[in-house]
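For the sequence shown, numbering that gives the first Met the number 0 gives the first residue as 0, with consecutive numbering after it. The beta carbon of each residue, even a glycine, is placed where N, CA and C say it ideally should be.
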Amino acid sequence: MLRNVAAYLVKWLETYWRCRAWCQFYIRGVRWPEGMRVLGPLGLSARGSVQIGKRLTIVSDSRFNRAGINHPTQMAVCAGAVLVIGDDVGISGASIFCASSITIGDNVLIGVNCSIYDTDFHPVHWYDRRMSKAATSLPVRIGDDVWLSAGVIVLKGTSIGARSVIAAGSVVTKDIPPDTLAAGVPARPVRKLSSERR
Numbered sequence: 000m001l002r003n004v005a006a007y008l009v010k011w012l013e014t015y016w017r018c019r020a021w022c023q024f025y026i027r028g029v030r031w032p033e034g035m036r037v038l039g040p041l042g043l044s045a046r047g048s049v050q051i052g053k054r055l056t057i058v059s060d061s062r063f064n065r066a067g068i069n070h071p072t073q074m075a076v077c078a079g080a081v082l083v084i085g086d087d088v089g090i091s092g093a094s095i096f097c098a099s100s101i102t103i104g105d106n107v108l109i110g111v112n113c114s115i116y117d118t119d120f121h122p123v124h125w126y127d128r129r130m131s132k133a134a135t136s137l138p139v140r141i142g143d144d145v146w147l148s149a150g151v152i153v154l155k156g157t158s159i160g161a162r163s164v165i166a167a168g169s170v171v172t173k174d175i176p177p178d179t180l181a182a183g184v185p186a187r188p189v190r191k192l193s194s195e196r197r
């Protein structure tokens with residue numbers, strides 16, 4: 000009996016969050032992808048182009064992911080920018096800010112509280128900040144089958160090769176080759192990973 004009640008509540012919550020997200024997508028002119036699941040609140044600001052593949056799963060509620068989500072998933076796409084998310088991607092409480100271009104491949108796992116930024120937000124030089132000059136923005140590309148572990152930060156102008164794993168808490172400031180385990184601040188290759196199927 001209790002299991003039936005719990006299953007009903009989970010289904011109700013999923014329907015509620017899905018409807019809220021669908022309204023955000025509709026209002027902002029973003030196409031609702033096939034098979035999308037939304038578990039928890041979603042923040043979406045889309046003044047640029049957002050292209051999302053099939054079966055995207057977004058988790059922003061700690062009842063559905065016990066790994067320590069501390070904020071809802073946020074996606075912001077500036078005017079003229081392009082955010083592309085491939086098929087079968089999973090996102091848990093991440094922040095994605097796209098000022099020019101972010102491309103996320105197929106079967107990518109984005110762990111709890113990750114951040115992906117293609118901009119510095121503010122100029123580095125103090126005088127440029129004072130004069131409100133535009134910040135530098137460079138494209139970010141994340142290849143197929145990449146896993147970003149909890150708390151990873153991916154910064155502007157970086158590329159992560161297919162099938163690579165970025166260890167928890169790492170900060171990606173330079174390109175990571177395919178089939179690589181990378182860790183640290185800044186993230187550096189630790190060892191090669193097999194690209195063979197099991």
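For Ile141, the uninterrupted beta strand (DSSP E) segment begins and ends at 139-141.
The shortest CA-to-CA distance from Ile57 to any of Trp146, Val153, Gln73 is the one to Gln73. Following the DSSP letters along the chain, one finds Arg17 inside the alpha helix (DSSP H) bounded by residues 1-26. Below 8 Å, enough C-beta pairs join the stretch 97-111 and the stretch 141-149 to call them touching: three or more. Within the same chain, and ignoring the five residues on either side of Gln50 in sequence, the residues whose Cβ sits closer than 6 Å to its Cβ are Val83.
Membership of Arg54 in any alpha helix (DSSP H) is not indicated, and neither H nor E is assigned to it by DSSP.
Excluding residues up to 5 positions away in sequence, Val37, Pro40, Leu41 lie with their Cβ nearer than 8 Å to the Cβ of Arg19 in the same chain. With fewer than 16 other Cβ atoms from the protein chains shown falling within 10 Å of its own Cβ, Cys22 counts as exposed.
For the pair Leu137 and Cys77, the Cα-to-Cα distance works out to about 13 Å.
Rounded to the nearest angstrom, the gap between the Cα atoms of Ser148 and Leu8 is 29 Å.
For Arg36, the enclosing beta strand (DSSP E) begins and ends at 36-38.
Less than 8 Å separates the beta-carbon of Asn112 from that of Ile68.
Here Arg162 carries a coil assignment [DSSP, helix/strand/coil].
The count of Cβ pairs closer than 8 Å, one atom from the stretch 188-196 and one from the stretch 165-179, reaches three, so the stretches are in contact.
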